[in-house]
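Chains as they are written, first to last, in my numbering: chain A, 42 to 255; chain B, 42 to 255. C-beta atoms are modelled at their ideal positions from N, C-alpha and C, and glycine is treated no differently. In this text the structure is predicted, and so the values were computed from the model without any measurement. Working notes, beginning with the structure itself.
2 protein chains.
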Amino acid sequence: MKTRDRIIHSATELFNDQGERNITTNHIAAHLGISPGNLYYHFRNKEDIIHSIFDQYARHLSESFTPARSKEIKLDELMGYLDAIFYLMWQFRFFYANLPDILSRDELLQQKYLKAQEQLRSAVEALLKSLREGGIIAVSDQDLPDLGQTIKMVVTCWIPFQIAQAPHTRITKPLLYQGVLRVLFLLRPYVQPQISEQIQQLEQHYRQLAQIEG
Amino acid sequence: MKTRDRIIHSATELFNDQGERNITTNHIAAHLGISPGNLYYHFRNKEDIIHSIFDQYARHLSESFTPARSKEIKLDELMGYLDAIFYLMWQFRFFYANLPDILSRDELLQQKYLKAQEQLRSAVEALLKSLREGGIIAVSDQDLPDLGQTIKMVVTCWIPFQIAQAPHTRITKPLLYQGVLRVLFLLRPYVQPQISEQIQQLEQHYRQLAQIEG
DNA sequence: GTCTATACGTAGATAGAC
DNA sequence: GTCTATCTACGTATAGAC
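Quick look at the structure:
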């Protein structure tokens, strides 16, 4: 791997583990066994590194969560999306863990973030519409955006919230599945009666993943 | 006011406005027109100041949100609680805006925080039970904790989430009322049919507050 | 591309006079 | 209780050699 990519990779890892504010450029360099000077050859400054990480995240996000425009959607696909998004959030958790702080220091990043959020918002709404077309849920046009925003909020807040509750508990897969369950819980009141049994099975499935697997 | 209290007050204000990481002990002293040395006469260090602020917050929280054990509860009271809690979160928003960072630096504060969260959890559940006893909502024993946790999460994440969406927009009362509306939205699927009209009126009321008042 | 050495600024905290 | 002066540690970033 090229040094530049190794820096991005190490920085992400260290930020995730110890928080962006607690990791200096020197730490990153030391962790890679390179000199600070070398690091600054590849990046203008720390901000620049964070930008590059965010770009990676945004790329992943739009790749793994752009619901097909097909009008209908199956439950499996929904679960696939939920899995993918929670995992992505997990991979870049340092960012969400200190969002206000990180964004307040970088106007440009703020703009990029807002764009990503807007994409996410419209993707979630599209997904909900597909679920409605597919007869999975019933929700009025008026409530749909509210439901979408609520889900989006729970998804993006899930990991920082969990970190705050138990900072020394290493967050693991089961915790992500609990996040998936939380989204299912939000959807449940809107699920069509004939689907509700399937949903219950899904919940049962995820409940097992949330408790057993490490 | 005593110097000690003035320090707590100023620090809270500055932290809220500019973020705890961006405010040094020197900033606080300068803002009060006292010397850094004087500040350190009253507090051992910056952590100590944050602790004192948190103690204040926790005191307010348990004062303004300890649902009476009376089995039934009226809608007005519910709204009173929601108002009070969102306002409290607003007054100490710096804390929630960077929760993982602040807690990761202070083991003791972490423990205090967890205790407060546990109190909050049980208070929310008690409140939901009262609403159920009062015939306002219908929710199974199994779902009640999930609903409670979801509401708690939305309440505690609301302000940091909004700050991230629009950091330079000064967060104002209307935004807090939008938070109240979000909680009502979560409750809505569980509201008893005969109450749903009252809820709609409440929502209409808060919708006006959320848009008009500055 | 990578290193060593270092300059610069600043945050946290203390000493000692008043 | 409050001040001035100051120390230490550290994070960011650059210069210049290899």
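Is the beta carbon of Ser-93(B) closer than 9 Å to that of Ile-49(B)? On the second sequence, residue 49(B) is found 8 positions in, with the first residue counted as 1. On the second sequence, residue 93(B) is found 52 positions in, with the first residue counted as 1. Result yes, Cβ atoms of Ile-49(B) and Ser-93(B) sit closer than 9 Å.
Starting from Arg-162(B), find everything on chain A with Cβ-Cβ shorter than 8 Å and list it in chain order. Working through the second sequence from its first residue, we reach residue 162(B) at position 121. Simply none; closest approach about 10 Å.
For chain A, find out if any of its Cβ atoms is closer than 9 Å to the Cβ of Gly-255(B); answer yes or no. Residue mapping note: residue 255(B) aligns to position 214 of the second sequence, counting from 1. Low per-residue confidence applies at Gly-255(B): pLDDT is 46, beneath 50, and the placement is therefore not dependable, though the value from the model is reported in the following sentence. Chain A, which has no Cβ nearer than 9 Å to the Cβ of Gly-255(B), makes this no.
CB Ile-178(A) to CB Tyr-122(A), shorter than 9 Å? Here residue 178(A) refers to the residue found at position 137 when the first sequence is read from its first residue. Here residue 122(A) refers to the residue found at position 81 when the first sequence is read from its first residue. No, Cβ-Cβ distance for Ile-178(A) and Tyr-122(A) is not below 9 Å.
For Ala-138(B) and Leu-140(A), the rounded distance between their alpha carbons: Counting from 1 along the first sequence, the entry for residue 140(A) is found at position 99. Counting from 1 along the second sequence, the entry for residue 138(B) is found at position 97. Looking at the backbone, the Cα of Leu-140(A) and that of Ala-138(B) are separated by about 8 Å.
Is the CB-CB distance between Gln-252(A) and Pro-215(A) below 9 Å? Locating residue 252(A) in the first sequence gives position 211, counting from the first residue. Locating residue 215(A) in the first sequence gives position 174, counting from the first residue. The answer is yes: Cβ separation under 9 Å.
Any C-beta of chain B under 9 Å from that of Tyr-218(A): Taking the first sequence and counting its residues from 1, one reaches residue 218(A) at position 177. With 9 Å as the cut-off, Tyr-218(A) does not count as an interface residue toward chain B.
Can you give the Cα-Cα distance for Ile-75(B) and Leu-144(B), rounded to whole angstroms? Here residue 75(B) refers to the residue found at position 34 of the second sequence. Here residue 144(B) refers to the residue found at position 103 of the second sequence. Cα to Cα, the separation comes out at about 28 Å.
How about Asn-57(B) and Arg-146(B): do their beta carbons lie closer than 9 Å? Taking the second sequence and counting its residues from 1, one reaches residue 57(B) at position 16. Taking the second sequence and counting its residues from 1, one reaches residue 146(B) at position 105. In this structure, Arg-146(B) does not lie closer than 9 Å to Asn-57(B) by Cβ.
Which same chain residues end up closer than 6 Å to Ile-260(A) when comparing Cβ atoms and leaving out the 5 residues on each side of it in sequence? This structure does not reach residue 260(A), given that chain A is present from 42 up to 255, and the question cannot be answered.
Going by DSSP, name the residue or residues bridged to Val-232(B). Locating residue 232(B) in the second sequence gives position 191, counting from the first residue. According to DSSP, Val-232(B) bridges with Ile-178(B).
Determine the extent of the alpha helix (DSSP H) in which His-92(A) is found, giving its start and end residues. Within the first sequence, the letter at position 51 stands for residue 92(A). From DSSP, the alpha helix (DSSP H) with His-92(A) extends over 87-105.
Do Thr-191(B) and Phe-127(A) have their C-beta atoms within less than 9 Å of each other? Here residue 191(B) refers to the residue found at position 150 when the second sequence is read from its first residue. Here residue 127(A) refers to the residue found at position 86 when the first sequence is read from its first residue. Result no, Cβ atoms of Thr-191(B) and Phe-127(A) do not sit closer than 9 Å.
Would you call the region 112-120 of chain B and the region 163-172 of chain B touching, i.e. three or more CB-CB distances under 8 Å? yes
C-alpha gap between Ile-101(B) and Gly-189(B), whole angstroms: Position 60 of the second sequence, counted from the start, is the residue given in the question as residue 101(B). Position 148 of the second sequence, counted from the start, is the residue given in the question as residue 189(B). Rather than Ile, the amino acid found at residue 101(B) in this sequence is His. Their Cα atoms are separated by approximately 21 Å.
Taking only the alpha-carbon atoms, compute the straight-line gap between Arg-47(B) and His-72(B) and give it to the nearest angstrom. Here residue 47(B) refers to the residue found at position 6 when the second sequence is read from its first residue. Here residue 72(B) refers to the residue found at position 31 when the second sequence is read from its first residue. Cα to Cα, Arg-47(B) sits roughly 10 Å from His-72(B).
Residue closest to Glu-148(B), alpha-carbon to alpha-carbon, out of Gln-206(A), Leu-150(A) and Ser-103(A): Position 107 of the second sequence, counted from the start, is the residue given in the question as residue 148(B). Considering only alpha carbons, the answer is Gln-206(A).
So if I threshold CB-CB distances at 7 Å, which residues from the region 59-70 of chain A count as touching chain B? The region 59-70 of chain A vs chain B, Cβ under 7 Å: Gly-60 and Arg-62.
Candidates Met-42(B), Leu-129(B), Gln-219(B) and Trp-199(B): closest to Tyr-98(B) by CA position: Start at 1 with the first residue of the second sequence, and residue 98(B) comes out as number 57. Minimum Cα distance to Tyr-98(B) is reached at Leu-129(B).
Does Asp-142(A) pass the burial test, meaning 16 or more other C-beta atoms within 10 Å, or should it be called exposed? In the first sequence, residue 142(A) corresponds to position 101, counting from 1. Counting of Cβ neighbours within 10 angstroms places Asp-142(A) among the buried residues, the total reaching 16 or more.
With a threshold of 9 Å between beta-carbons, can Gln-235(A) be considered close to chain B, or not? Reading the first sequence from its first residue, position 194 is the one you call residue 235(A). It does not: the Cβ of Gln-235(A) has no partner Cβ on chain B nearer than 9 Å.
Since Ile-49(A) is in the alpha helix (DSSP H), which residue starts that stretch and which ends it? Here residue 49(A) refers to the residue found at position 8 of the first sequence. 44-59 is the extent of the alpha helix (DSSP H) around Ile-49(A).
Taking DSSP as the reference, what is the three-state secondary structure of Asp-283(A)? For residue 283(A) there is no data in the structure shown, the boundaries of chain A being 42 and 255.
For Asn-79(B) and Ala-70(B), which I take to be in contact (beta-carbon distance under 8 Å), what is that distance rounded to the nearest angstrom? Sequence index remark: in the second sequence, residue 79(B) carries index 38 (1-based). Sequence index remark: in the second sequence, residue 70(B) carries index 29 (1-based). Asn-79(B) to Ala-70(B), Cβ: 7 Å. Contact.
Identify, in the order they occur along the chain, each residue of the same chain with its Cβ nearer than 8 Å to the Cβ of Leu-150(A), setting aside the five sequence neighbours on each side. The residue labelled residue 150(A) in the question sits at position 109 within the first sequence. Within the same chain, Leu-150(A) has close Cβ partners Glu-88, Ile-91, His-92, Phe-95, Ile-143 and Leu-144.
Where Arg-173(B) falls: helix, strand or coil (DSSP): Residue mapping note: residue 173(B) aligns to position 132 of the second sequence, counting from 1. Of the three classes helix, strand and coil, the one that applies to Arg-173(B) here is helix, per DSSP.
Exposure label - Ala-109(A); buried when at least 16 CB within 10 Å: Locating residue 109(A) in the first sequence gives position 68, where the first residue counts as 1. When all chains shown are included, Ala-109(A) counts as exposed.
Arg-223(A) to Lys-153(B) span [Cα, whole Å]: Position 182 of the first sequence, counted from the first residue, corresponds to residue 223(A). Position 112 of the second sequence, counted from the first residue, corresponds to residue 153(B). Spanning the two alpha carbons is a distance of roughly 26 Å.
Using a C-beta to C-beta distance shorter than 8 Å, which residues of chain B count as neighbours of Asp-147(A)? The residue labelled residue 147(A) in the question sits at position 106 within the first sequence. Residues of chain B passing the Cβ test: none, with the nearest at roughly 10 Å.
Which residue from Arg-248(B), Thr-213(B), Gly-176(B) and Ile-240(B) puts its Cα closest to that of Gln-132(B)? Working through the second sequence from its first residue, we reach residue 132(B) at position 91. Per the Cα distances, Thr-213(B).
If Leu-155(B) sits next to Lys-193(B), beta carbons under 8 Å apart, how far is it from one beta carbon to the other, in whole angstroms? Indexing the second sequence from 1 puts residue 155(B) at position 114. Indexing the second sequence from 1 puts residue 193(B) at position 152. Actually they are not in contact, since the Cβ atoms of Leu-155(B) and Lys-193(B) sit about 13 Å apart, beyond 8 Å.
One question on the structure: do Ser-237(A) and Arg-229(A) come within less than 9 Å of each other, judged by their Cβ atoms? As a first step, residue 237(A) is located in the first sequence; it is residue number 196 there, counting from the start. As a first step, residue 229(A) is located in the first sequence; it is residue number 188 there, counting from the start. Closer than 9 Å, so yes.
What are the residues in the region 111-143 of chain B lying within 8 Å of chain A by C-beta distance? Ala-138, Asn-139, Leu-140, Pro-141 and Asp-142
By the DSSP assignment, the alpha helix (DSSP H) with Asn-63(B) in it spans what residues? As a first step, residue 63(B) is located in the second sequence; it is residue number 22 there, counting from the start. Segment: none, Asn-63(B) is in no alpha helix (DSSP H) and carries neither H nor E.
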